[in-house]
Amino acid sequence: MCIPFQSIPPPTQGTKKAVQMLQILGVSQFVVGLIKLFVLNQSSGFYDFFTIFILYMAWAQLNYCNCVIAVFYFLQNLLMIFIFFGMNIELRDLFFYPTKSGVTNFILFFYYIGACYVAFLAYREFKILQYDQMGGLIQTNQQNDWAQNANEQQQQYQQQPYYNQPAQPQQQEQRGQFQAFTGRGVQIG
1 MCIPFQSIPP
11 PTQGTKKAVQ
21 MLQILGVSQF
31 VVGLIKLFVL
41 NQSSGFYDFF
51 TIFILYMAWA
61 QLNYCNCVIA
71 VFYFLQNLLM
81 IFIFFGMNIE
91 LRDLFFYPTK
101 SGVTNFILFF
111 YYIGACYVAF
121 LAYREFKILQ
131 YDQMGGLIQT
141 NQQNDWAQNA
151 NEQQQQYQQQ
161 PYYNQPAQPQ
171 QQEQRGQFQA
181 FTGRGVQIG
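Now the structure itself:
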């Protein structure tokens with residue numbers, strides 16, 4: 001369901017902290033939306049209100065995908081601020097003259113850097129939570145890879161080189177010929 005009416009309670013201390021950070025980020029995003037609407041007279045403030053909904057979905061469902069979407073939105077706003085300052089450098093000689101939009105965008109630049117960081121931390125916590133609920137899939141795969149590599153290394157030390165041993169006549173006949181699989185397989189399903 002897109003709009004959860006009941007929030008999923010965070011099971012770990014890390015996810016509780018991530019939810020609190022996202023809630024604070026949501027409130028600050030509301031303030032940024034108001035600033036963009038009334039101070040900068042930009043209609044992009046409406047998109048900031050949409051980002052609040054994305055952040056709400058992230059903390060209510062403990063969903064890391066919504067955190068990724070929020071990070072992309074914050075990075076898009078950072079790009080727009082870079083474009084704003086680049087255009088000011090290109091078109092005006094008085095770049096360091098403080099204007100209402102220049103000072104506001106300068107403050108928002110640091111806000112969006114912090115927002116990206118907070119959303120990334122929440123993404124990381126929610127991703128860890130999901131993998132823990134799946135049974136620690138990543139950790140198990142890594143442990144299996146390590147065990148497999150250790151077994152391969154032991155087998156390499158135990159194998160003796162075949163080139164020093166005289167070949168038996170039956171092996172000499174089969175070396176150059178293709179031999180099909182003649183064993184029994186296991187039927188699935």
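In terms of UniProt numbering, the sequence shown opens at residue 1 and continues consecutively.
Here a beta-carbon is modelled for each residue, glycine too, at the ideal position from N, C-alpha and C.
Since the structure is predicted, the reported quantities are computational estimates derived from the model, not experimental observations.
Check, Outcome
"Beta-carbon gap between Y112 and N63 smaller than 8 Å", "no"
"T12: CB within 7 Å of a non-hydrogen atom of the ligand ATP", "Although the ligand ATP was asked about, the structure shown includes no ligands whatsoever."
"Three-way DSSP call (helix, strand, coil) for T15 in this model", "helix"
"Whole runs of the alpha helix (DSSP H) within the segment 38–115, excluding any shorter than 4 residues", "45–61, 64–91"
"Burial state of F126, where buried means 16 or more other Cβ atoms lie within 10 Å", "buried"
"Distance CB(C67)-CB(Y131) smaller than 8 Å", "no"
"Exposed unless 16 or more other CB atoms sit within 10 angstroms - verdict on F110", "exposed"
"Stretch pair the segment 114–123 + the segment 84–91: three plus CB contacts closer than 8 Å", "no"
"Per-residue burial, M57 [other beta carbons within 10 Å of its own, 16 or more giving buried]", "buried"
"For I24, the three-state DSSP class (helix, strand or coil)", "helix"
"Option nearest Q61 by Cα separation, candidates G183, S28, P11", "P11"
"Closest residue to Q29 among T15, S7, K16, S44 (Cα-Cα distance)", "S44"
"Short Cβ contact (8 Å threshold) for L108 with V32", "yes"
"Local Cβ density within 10 Å of I24, reported as buried at 16 or more and exposed below that", "exposed"
"Cut-off 7 Å between Cβ atoms - residues of its own chain near V19, not counting five sequence neighbours on either side", "P10, W59"
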